[in-house]
Amino acid sequence: MTGDGAPRTLFGKVWDAHTVDTRDDGAALLYIDRHLVHEVTSPQAFEGLRQSGRRVRRPGLTTATMDHNVPTGDRSLPMADDTSAAQMRALERNCAEFGIELHGMGSASQGIVHVIGPELGLTLPGSTIVCGDSHTATHGAFGALAMGIGTSEVEHVLATQALWLERPEEMLVRMDGSLGSSRAITPKDAILSVIREIGPAGARGAAIEYAGSAISEMSMEGRMTVCNMSIEAGARAGMVAPDEKTFAHVRDRPRTPRNIDALVESWRETLFTDAGAERDREHAIDVSRIAPQVSWGTDPGMTCDITEAIPTPAEFSRGDESRRAAAERALEYIGLEAGTPMEDVRPDRVFVGSCTNARLGDLREAAAAVRGRRVADGVRAMVVPGSQEVKRLAEAEGLDRDFVGAGFEWRESGCSMCLGMNEDVLGPGERCASTSNRNFEGRQGARGRTHLMSPVMAAAAAIAGHLVDVRGWELAEAV
812 MTGDGAPRTL
822 FGKVWDAHTV
832 DTRDDGAALL
842 YIDRHLVHEV
852 TSPQAFEGLR
862 QSGRRVRRPG
872 LTTATMDHNV
882 PTGDRSLPMA
892 DDTSAAQMRA
902 LERNCAEFGI
912 ELHGMGSASQ
922 GIVHVIGPEL
932 GLTLPGSTIV
942 CGDSHTATHG
952 AFGALAMGIG
962 TSEVEHVLAT
972 QALWLERPEE
982 MLVRMDGSLG
992 SSRAITPKDA
1002 ILSVIREIGP
1012 AGARGAAIEY
1022 AGSAISEMSM
1032 EGRMTVCNMS
1042 IEAGARAGMV
1052 APDEKTFAHV
1062 RDRPRTPRNI
1072 DALVESWRET
1082 LFTDAGAERD
1092 REHAIDVSRI
1102 APQVSWGTDP
1112 GMTCDITEAI
1122 PTPAEFSRGD
1132 ESRRAAAERA
1142 LEYIGLEAGT
1152 PMEDVRPDRV
1162 FVGSCTNARL
1172 GDLREAAAAV
1182 RGRRVADGVR
1192 AMVVPGSQEV
1202 KRLAEAEGLD
1212 RDFVGAGFEW
1222 RESGCSMCLG
1232 MNEDVLGPGE
1242 RCASTSNRNF
1252 EGRQGARGRT
1262 HLMSPVMAAA
1272 AAIAGHLVDV
1282 RGWELAEAV
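Residue numbers (this note's numbering): 812 to 1290.
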């Protein structure tokens, strides 16, 4: 409740608790609890500090990693791309000069920034988190207000540990029902279904809170997948109110605060949406009715059930001429015709990885589809763990042996083919079944074609040689 007794949302409570000042135009100066940086969006920010003679205001609250450009193959070899190598050298130099903790390429805790934050215990309920990366919303799964920022804003946070922001509208997305126990329907399918229904601008500029029985049922990894893809619906942030699963996850991490017990009690008492609190928008979905989802076009809203055929532009647009034109362009780019059954689509490549789906649970899902099977002829498949810790844990369980035995490449941690900033790229015209978050034109390589899906669906596509409804598969149990 507010001081006047009005009910407040989870977002409102976190926003208000971090507001230092408010301008006449309504923008708020928010204190930032945790700043995450990587090699791509930080060099100019550090150079700006250097040129203005400024220091990092709170270096202990900034954490850096190398993830976007890092090679995922043999790291003893020289880097193939000079620009990538220069960006990584710059991050090493900047972190050393400004006293910032760095999880570099040789670190045992190196990994994708949105994987290592929760892994290390840097992501805490009720905190504000920013990073020069659009998928920072991932951390909202813990009840944090987490947002991507631009390079100029990265510099501002480094210099002041605060940031001027316009307060976004609020949106509630209820996921009711249950995903079930078959392991064929996943949180990735749930969030793709939402984006499919509301469109890639359906949550434009809003902070989404996810709630409902399906969210309560999800693991923390599943909630991170959902919050991660909030951005693909146009949202500014995605959040889930913390619960006992959240509190268990943040305990006993390398950076877990010493007063964790007191913090958990405070979070239990405050970090939830009050009854009667209002939002600007709402959307509800019954996840028990969804099928495995696969994208057919060039934005995540261009998605359908695996059992369906690609819609015609007229069917897809529902009278919206701009969406009709987008669908026509998408089909031309993706190289498919309306009416093609999705199960007839044959990938050249399969990618299991990214900040969306490269955690241990994601790799377990994928391994369940490949154990004892072989990758189809003509398909090149790779698994890229989200961090070195994920890689170690997966290898301890023997998941690497499952993948390698099936013909997958087992690689080092990094962003990899999600955005193709290293050597992991699609060739022109190549088609990829991908667990990443975006299927934009050229996202995984110039003229490459991307189909988004869950880890178990991508792994099954590698085995079958075409997109396939994994609900008909016998999935192996964990060993």
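For glycine and all other residues, C-beta sits at the position ideal for the given N, C-alpha and C.
- Query: Excluding sequence positions up to five away, which residues of its chain have a Cβ less than 6 Å from the Cβ of S945?
  - Reply: G959 and I1042
- Query: Closest by CA to V1098, which one among E1089, D1116 and F1083?
  - Reply: For V1098, the closest C-alpha among the options E1089, D1116 and F1083 is that of D1116.
- Return the bridge partner residues of Q855 from the DSSP annotation. Per DSSP, none; premise fails for Q855.
- Are I1096 and M986 closer than 8 Å when you measure CB to CB? yes
- Query: In its own chain, which residues sit with a C-beta less than 6 Å from the C-beta of D844, not counting the 5 before and 5 after it?
  - Reply: Excluding the 5 residues flanking it on each side, D844 has same chain C-beta neighbours closer than 6 Å at S938 and T939, in chain order.
- Query: Which residue's Cα is closest to the Cα of V1201: S1224, E1288 and L1230?
  - Reply: S1224
- Per DSSP, what kind of secondary structure is E912 in: helix, strand or coil? strand
- Task: Put A1048 into one of helix, strand or coil per three-state DSSP.
- Result: strand
- Taking just the CA atoms, how far does Q898 sit from R819? 43 Å
- Task: Tell me whether S1106 sits in a helix, a strand or coil according to DSSP, three-state version.
- Result: Strand.
- When DSSP labels each residue in this structure, what does F1251 get in the three-state scheme? coil
- Looking at C-beta atoms only, is the number of pairs between the region 1016-1026 and the region 1100-1114 that lie closer than 8 Å three or more? no
- Message: If the criterion is Cβ atoms closer than 8 Å, does the pair R868 and A970 meet it?
- Response: yes
- Query: Of the choices T1246, L1210 and D1213, whose alpha-carbon is the least far from that of S1227?
  - Reply: Taking only the C-alpha atoms, the option nearest S1227 is T1246.
- Taking the alpha-carbon positions, what's the L1082 to M1029 distance? 18 Å
- Anticipated Cβ contact below 8 Å, A1273 with A1187, distance rounded: 7 Å
- Query: Below 8 Å, can you find three or more Cβ-Cβ pairs linking the region 886-895 to the region 1228-1235?
  - Reply: yes
- Message: I believe G922 touches G1197 by the beta-carbon criterion, under 8 Å. Please report the beta-carbon distance rounded to the nearest angstrom.
- Response: Contact holds; Cβ gap of about 6 Å.
- Assuming V1279 contacts A995 under a Cβ cut-off of 8 Å, what Cβ separation, rounded to an integer in Å, is found between them? The pair is not a contact, with the Cβ atoms about 11 Å apart (cut-off 8 Å).
- Around the Cβ of A1138, are there at least 16 other Cβ atoms within 10 angstroms (buried) or fewer (exposed)? buried
- Starting from D987, follow its DSSP beta bridges and name the residues at the other end. D1097
- Task: Report the rounded CA-to-CA distance for F822 versus M1050, giving the unit in angstroms.
- Result: 8 Å
- Query: What are the partner residues of M982, as DSSP defines its beta bridges?
  - Reply: I1019 and R1092
- Please list, in chain order, all residues of the same chain as R1075 whose beta carbon is under 7 Å from its beta carbon, the five residues on each side excluded. Looking at the sequence shown, residue 1075 is not Arg but Val. Here the set comprises F1058.
- Candidates R1242, R1212 and E908: closest to D1155 by CA position: Ranking R1242, R1212 and E908 by Cα distance to D1155 puts R1242 first.
- Task: On a CA-only basis, which of G1216, G1183, T1151 and E858 is nearest A1120? Give me that one, please.
- Result: T1151
- Query: Does DSSP classify I940 as helix, strand or coil?
  - Reply: strand
- Query: What did DSSP end up calling L872 once you bin it into helix, strand or coil?
  - Reply: helix
- Task: Please state whether DSSP places C1115 in a helix, a strand or coil.
- Result: Looking at C1115 - three-state DSSP - the assignment turns out to be strand.
- Query: Who are the near neighbours of A973 in its chain, counting only those whose CB is closer than 7 Å to its CB and skipping five residues on each side?
  - Reply: V831, L840, L841, Y842 and I843
- Query: Looking only at C-alpha atoms, which of L990, E1252 and A1012 sits nearest to G1033?
  - Reply: L990
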